[in-house]
Amino acid sequence: MNLLLIGVLLAIIAIAYQIGLSKSRNLAGKGNNSAMLHSRPGYYGALVALWCAIPAFLILIVWNLVEPTILEQVVLSHVPADVAANLNAASTSVLVDRVQALASGFGVTDTPAAYELAAAEQLAKFETIGSYIKLAVVICAALIGLLWAKKRVSQQYRARNQVEKIINISLALCSGVAILTTVGIVMSMFGEAMRFFSFVSPMDFFFGTQWNPGFSTTGSADGEYGLLPLLWGTLLVSAIALLVAVPIGLMIAIYLAEYASPKFRSWAKPTIEVLAGIPTIVYGVFALMIIGPFLKSAGALLGIDINATSALTAGLVMGIMIIPFVSSLSDDIITQVPRALRDGSLGLGATKSETIRKVVMPAALPGIIGAFLLAASRAIGETMIVVLAAGNSPLLHANPLEAVATVTMTIVNQLTGDTDFASPQALVAFALGLTLFVITLCLNIVALYIVRKYREQYD
Amino acid sequence: MSTSNTTSMDQQPLDPRAAAELRAQRKQKIESSLAKRHRKESTFRMFGLASVLAGLFFVVLLFGSILAKGLPAFWQSSMAVPVYFDPSIINVGAQPKQQAGESPAQFNDRMIAWQTEMGMVDWDALIVNGIVAKDAALEAKRDDLGYMYTSSEAYRLRDMVLADPSLIGQTKEVKILADANVDVWLAGNIDRDLPAEQQQLSPEIRQLADDLKAQGIMENTFNTNIFVSPDSRSSPATSGLAGAFMGSLFMMLIVIFISIPIGVASAIYLEEFAPKNVITDIIEVNINNLAAVPSIVFGLLGAAIFIGWMHLPLSAPLVGGLVLSLMTLPTVIITTRASLKAVPPSIRQAALGLGASRLQTVFHHVLPLALPGILTGAIIGVAQALGETAPLLLIGMSAFVASVPASPFDQSTALPVQIFLWQGNELRNFFEGRTAAAIIVLLALMIGLNSLAIWLRKKFEVRW
Numbered sequence: 001m002n003l004l005l006i007g008v009l010l011a012i013i014a015i016a017y018q019i020g021l022s023k024s025r026n027l028a029g030k031g032n033n034s035a036m037l038h039s040r041p042g043y044y045g046a047l048v049a050l051w052c053a054i055p056a057f058l059i060l061i062v063w064n065l066v067e068p069t070i071l072e073q074v075v076l077s078h079v080p081a082d083v084a085a086n087l088n089a090a091s092t093s094v095l096v097d098r099v100q101a102l103a104s105g106f107g108v109t110d111t112p113a114a115y116e117l118a119a120a121e122q123l124a125k126f127e128t129i130g131s132y133i134k135l136a137v138v139i140c141a142a143l144i145g146l147l148w149a150k151k152r153v154s155q156q157y158r159a160r161n162q163v164e165k166i167i168n169i170s171l172a173l174c175s176g177v178a179i180l181t182t183v184g185i186v187m188s189m190f191g192e193a194m195r196f197f198s199f200v201s202p203m204d205f206f207f208g209t210q211w212n213p214g215f216s217t218t219g220s221a222d223g224e225y226g227l228l229p230l231l232w233g234t235l236l237v238s239a240i241a242l243l244v245a246v247p248i249g250l251m252i253a254i255y256l257a258e259y260a261s262p263k264f265r266s267w268a269k270p271t272i273e274v275l276a277g278i279p280t281i282v283y284g285v286f287a288l289m290i291i292g293p294f295l296k297s298a299g300a301l302l303g304i305d306i307n308a309t310s311a312l313t314a315g316l317v318m319g320i321m322i323i324p325f326v327s328s329l330s331d332d333i334i335t336q337v338p339r340a341l342r343d344g345s346l347g348l349g350a351t352k353s354e355t356i357r358k359v360v361m362p363a364a365l366p367g368i369i370g371a372f373l374l375a376a377s378r379a380i381g382e383t384m385i386v387v388l389a390a391g392n393s394p395l396l397h398a399n400p401l402e403a404v405a406t407v408t409m410t411i412v413n414q415l416t417g418d419t420d421f422a423s424p425q426a427l428v429a430f431a432l433g434l435t436l437f438v439i440t441l442c443l444n445i446v447a448l449y450i451v452r453k454y455r456e457q458y459d
Numbered sequence: 001m002s003t004s005n006t007t008s009m010d011q012q013p014l015d016p017r018a019a020a021e022l023r024a025q026r027k028q029k030i031e032s033s034l035a036k037r038h039r040k041e042s043t044f045r046m047f048g049l050a051s052v053l054a055g056l057f058f059v060v061l062l063f064g065s066i067l068a069k070g071l072p073a074f075w076q077s078s079m080a081v082p083v084y085f086d087p088s089i090i091n092v093g094a095q096p097k098q099q100a101g102e103s104p105a106q107f108n109d110r111m112i113a114w115q116t117e118m119g120m121v122d123w124d125a126l127i128v129n130g131i132v133a134k135d136a137a138l139e140a141k142r143d144d145l146g147y148m149y150t151s152s153e154a155y156r157l158r159d160m161v162l163a164d165p166s167l168i169g170q171t172k173e174v175k176i177l178a179d180a181n182v183d184v185w186l187a188g189n190i191d192r193d194l195p196a197e198q199q200q201l202s203p204e205i206r207q208l209a210d211d212l213k214a215q216g217i218m219e220n221t222f223n224t225n226i227f228v229s230p231d232s233r234s235s236p237a238t239s240g241l242a243g244a245f246m247g248s249l250f251m252m253l254i255v256i257f258i259s260i261p262i263g264v265a266s267a268i269y270l271e272e273f274a275p276k277n278v279i280t281d282i283i284e285v286n287i288n289n290l291a292a293v294p295s296i297v298f299g300l301l302g303a304a305i306f307i308g309w310m311h312l313p314l315s316a317p318l319v320g321g322l323v324l325s326l327m328t329l330p331t332v333i334i335t336t337r338a339s340l341k342a343v344p345p346s347i348r349q350a351a352l353g354l355g356a357s358r359l360q361t362v363f364h365h366v367l368p369l370a371l372p373g374i375l376t377g378a379i380i381g382v383a384q385a386l387g388e389t390a391p392l393l394l395i396g397m398s399a400f401v402a403s404v405p406a407s408p409f410d411q412s413t414a415l416p417v418q419i420f421l422w423q424g425n426e427l428r429n430f431f432e433g434r435t436a437a438a439i440i441v442l443l444a445l446m447i448g449l450n451s452l453a454i455w456l457r458k459k460f461e462v463r464w
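Quick note, the sequences are listed as chains A and B, same order. Counting from 1, one number per residue, gives the positions in the first sequence under this note's numbering. Counting from 1, one number per residue, gives the positions in the second sequence under this note's numbering.
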């Protein structure tokens, strides 16, 4: 029904465009002298089409949103009081489905109750009448819009300005979506986290050293929800990742920017950047299948007990993942250091490496710190690698060779599986998410500020 | 003047011999330190080269190990069996037709009853008969033969008959896929020297599998199931990526139809029309931050808003697509703005000077010139969304789904989530290869998309 209606509407809109077009052409007079018109004919067509489309589609959307509620009321109005008293949300939807099956003529397998049949008859009537009214109202709206806009088409009518205004407003609305997303993130996280804090006090959450949330099936908030072990695990894994990624990434950037021949650079740089495009799940599987067992056997060779899934495994692989991130950001920053600084240093007799270490690096330092912070925020927010390769042991310990638990991993664990969405065991994921969001947001703001300041310095 | 003064005041007048000695000392000092400095220089350089090589090594290691594990999984043991659709075994009435005066619900019931009856037919006997027909000596091992092939093959025969009832009474050669454990044993993915209690199969069955292989009945053939079948738990050997692929495809379509138009529109607004004020500054900072928000946060957003509040269906590509759209939006906006910025102002000035309105300037002149860059950014955004896993887990897409979704509202998984599910499967020896094979498929798709982006950029790139 809706599809048919939309098809009809699109046809009317196409006709509306043609009407606007031909009317404005007629106004232009003989020889299609469009200088007689304020706007080009296409704009008149577009304006008539828009006047036709916007009200009709708005009505259609509102109608479709309201209709199910009204139909449900129709069904419920036929339910006798004694049955209605025992209805909860689930049985109501079952009842509505049954009545709908009866109304559509598909029928139900058992014998329906009398009130169900009555409701179905009423519902079928309402549905048919409703769909005809909808068709009529929407098409009328489209036609009224069409006629009204057509009447306004004249030689002086500023159709282009009107059309451009509408386009401008819709462009601005689109850029509001990004804002809405942020608002949505903050509101949803904050709202659900507040619900969680109604079960568990924020003090216990932020400063607790025990993580043992129990199971939601018991229906109680029993259990300990201490954030610290998770935060510690996150920091441990991220620190290992940065220890791997920052030196290697920085040296790659230096070598490619200062030493490498253009030819070598032209293939080595994109090849290393391939690492940045690989999905994180692939890194996770890589850690689990290759790096973990390798580290375990290497440890056994050296007589050290290394867990196959440990902070080290996850950190190492995460480090490999963020190497290209560090290297391409640093590369941008190093190449931005002005040539004159290098030339001055080289002219005074410094070697190339001395120039890099004593002149280029200090000049690039703020930018590199920015890159470091962005890499850190990337490492903290990374999920799939730690889910697969960090083990899952929310204990406070400083041994990187053992399993740890991180914030992101715990969010996944708490929200997947059979959890009741309203239980503290599931809601804690939002409190964790809020923490994660705030941490990465702070890192990003500082980093972006530094990088921006740095760019201005040499622009 | 002053320099000569200071020198005469600072330095005692030296006799030429002492001065020469001093010069020689200084020269020696410089020379000895020079060697050290040059050594440092070359060490530094070596460190740089070593880092680059390490980076390249990681790329090779990653691809090499995934290919080594995954490529063999594209081939699987199977048997070409001449199946005789024996009418004495398949004795079920004709498919019911709706009778006059029967409600659709009652007809549905009768249909289900008939389908159940069809399911009760001993389809396995048909397969075993077929294998025995190839070598009569196997008659004695009928029971063990039942373990050779994967369980869903029986249902496949049923579906063949459902689709074409005229098959009954005919003989048709059917490719019967070996059981997952048999495949693991024949492919050598399990240590053949393990003691019997650690083996998945009994010694007789292992022997039979080896015999069939030696006879040439069991062959290693290219495995099309991985592309055309959905995931399966009861019959792991047939599990494939079709369901996950369709799920990903629906999500990518949603990303393309939501994220790209909105992203491009907001980039145009911010870059070309927005007045410079506090609000646009906020939007800008906000978009830059949104680009760096961890993807899992978008999953939480989806769980709270789309599922918790709007009650959209769980595990549906619709919700996944919406979440991924929001996630890729900042990427699309940022790349579009960059390519709009790269169009030189002279183009805009020329258009404005000839009397075009600002909107006409942008849509008729700037946008076509920026299009290659926008397309590249859009494709990279889609590729990024294709590989994303974490947010999908939070909106319930990690559920096991054994069918190919027909619409974005059906339950479904996605390619990266399927990788996640397979890596956790208990039948490790078999699914390790499957996981790596799925990764190869995913990476091939992503590399394809990225190459397309690079090709577009190279082909249409305009240098000013």
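Note that beta-carbon positions come from the ideal geometry of N, C-alpha and C, so glycine has one too. Treat the numbers as computed from the prediction; the structure is a model and nothing was measured.
Please say whether residue j and residue i have beta carbons closer to each other than 8 Å?
i                     : j                     : result
residue 174 (chain A) : residue 266 (chain B) : yes
residue 218 (chain B) : residue 315 (chain B) : no
residue 44 (chain A)  : residue 21 (chain A)  : yes
residue 317 (chain B) : residue 247 (chain B) : yes
residue 155 (chain A) : residue 60 (chain A)  : no
residue 201 (chain B) : residue 185 (chain B) : yes
residue 96 (chain B)  : residue 123 (chain B) : no
residue 223 (chain B) : residue 107 (chain B) : no
residue 236 (chain B) : residue 403 (chain B) : no
residue 236 (chain A) : residue 394 (chain A) : no
residue 80 (chain B)  : residue 175 (chain B) : yes
residue 177 (chain B) : residue 225 (chain B) : yes
residue 211 (chain A) : residue 192 (chain A) : no
residue 405 (chain A) : residue 230 (chain A) : yes
residue 126 (chain B) : residue 182 (chain B) : no
For residue i, report the span of its alpha helix (DSSP H) as first-last.
i                     : result
residue 284 (chain B) : 278 to 292
residue 202 (chain B) : It is not in any alpha helix (DSSP H) - residue 202 (chain B) carries neither H nor E in the DSSP assignment.
residue 44 (chain A)  : 41 to 77
residue 361 (chain A) : 361 to 381
residue 407 (chain A) : 407 to 415
residue 46 (chain B)  : 16 to 70
Quick check on residue i: buried or exposed, where buried means 16 or more other Cβ atoms within 10 Å of its Cβ?
i                     : result
residue 279 (chain A) : buried
residue 309 (chain B) : exposed
residue 17 (chain B)  : exposed
residue 461 (chain A) : Outside the shown range of chain A (1 to 459) lies residue 461 (chain A), about which nothing can therefore be said.
residue 383 (chain B) : buried
residue 31 (chain B)  : exposed
residue 267 (chain A) : exposed
residue 373 (chain B) : buried
residue 2 (chain A)   : exposed
residue 407 (chain B) : exposed
residue 192 (chain B) : exposed
Which whole-angstrom value is the C-beta distance of residue i and residue j, which I expect to be below 8 Å?
i                     : j                     : result
residue 437 (chain B) : residue 384 (chain A) : With a Cβ gap of about 18 Å, residue 437 (chain B) and residue 384 (chain A) do not count as contacting.
residue 536 (chain A) : residue 416 (chain B) : Since the first residue shown for chain A is 1 and the last is 459, residue 536 (chain A) is missing from the structure and cannot be characterised.
Does any heavy atom of the ligand FAD sit closer than 7 Å to the C-beta of residue i?
i                     : result
residue 215 (chain B) : The ligand FAD is not among the ligands present in this structure, which contains no ligands whatsoever.
What first and last residue would you give for the beta strand (DSSP E) that runs through residue i?
i                     : result
residue 455 (chain B) : Where residue 455 (chain B) is concerned, there is no enclosing beta strand (DSSP E), although the alpha helix (DSSP H) it sits in stretches over 428 to 460.
residue 75 (chain B)  : 75 to 84
residue 219 (chain B) : 218 to 222
Which whole runs of the alpha helix (DSSP H) in the region 99 to 177 of chain A are 4 residues long or more, in chain order?
Segments of the alpha helix (DSSP H) lying fully in the region 99 to 177 of chain A: 114 to 152.
At which residue ranges does the region 138 to 213 of chain B contain complete alpha helix (DSSP H) runs of 4 or more residues, listed in the order of the chain?
142 to 145, 152 to 163 and 180 to 187
Segments of 4+ residues assigned as alpha helix (DSSP H) that fall wholly inside the region 237 to 277 of chain A
262 to 277
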